[in-house]
Structure formats: C-alpha cells, structure tokens
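Before any comments, here is the structure.
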Amino acid sequence: MDPSTIQSLIEQGLPGARADVRGDDGVHFEATVVAEAFRGKLPLARHRLVYATLGDRMGGEIHALALKTLTPEEAA
Numbered sequence: 112m113d114p115s116t117i118q119s120l121i122e123q124g125l126p127g128a129r130a131d132v133r134g135d136d137g138v139h140f141e142a143t144v145v146a147e148a149f150r151g152k153l154p155l156a157r158h159r160l161v162y163a164t165l166g167d168r169m170g171g172e173i174h175a176l177a178l179k180t181l182t183p184e185e186a187a
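Numbering (the numbering used here) for the sequence shown: 112 to 187.
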C-alpha cells in the first residue's frame, strides 16, 4: 500500500475531501483529512468516516493510520 492509493480511496469515499497521506514503510501511515462531512461530528465519528473509505484494508494492508480530521474552517 502506498500513500497516494490511500489518498485516492479517502478522497473518493468522502466527496469534496482533501487528504494528505504520508508513510515510508508501506504499513504505517499518517493522514490529514479536511472534509465538510466532519462538521458537527466528534473525533471518533470523523475517524470512522475515514476508516469506512478504506474498508478491509485497515488492519490488513494498512497496519496503522494516524488521523488528523478537520473541517475546512478548522484547517484555515
């Protein structure tokens, strides 16, 4: 798994989202995701939205994903 694939999956799964994904070893990644869909949601709910875009890859091809989830206003 590579960062650009994860970025694409997140951005396709959360319309309008912008994701910046980093990771050098192919299994541990960090992502900052900015999405309007996060508005009014607590951090755990935001993370679940992102995990849902990755499906079974979480815990498999993606061993760990550290997330920072923001609304567009929080990112500004």
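Where is the CB? At the ideal position from N, CA and C, for every residue including glycine.
Predicted model only: the values in this text are computed from it and were never measured.
Comparing alpha-carbon positions, which option in the options lies nearest residue i?
i	options	result
L125	A177, G134, A187, A148	A148
A187	S119, V145, R133	V145
L181	L155, F140, R133	L155
I117	P183, L165, G127	L165
Distance check for residue j and residue i, CA to CA, integer angstroms please.
i	j	result
E185	G151	12 Å
Let me confirm a value: residue i is counted as buried when at least 16 other C-beta atoms fall within 10 Å, else exposed. Which label applies?
i	result
R157	buried
V138	exposed
L153	exposed
G171	exposed
T177	What sits at residue 177 in the sequence shown is Ala, not Thr. Exposed is the call here.
G134	buried
A163	exposed
Segments assigned beta strand (DSSP E), at least 3 residues, entirely inside the stretch 117-149: 129-133, 139-145
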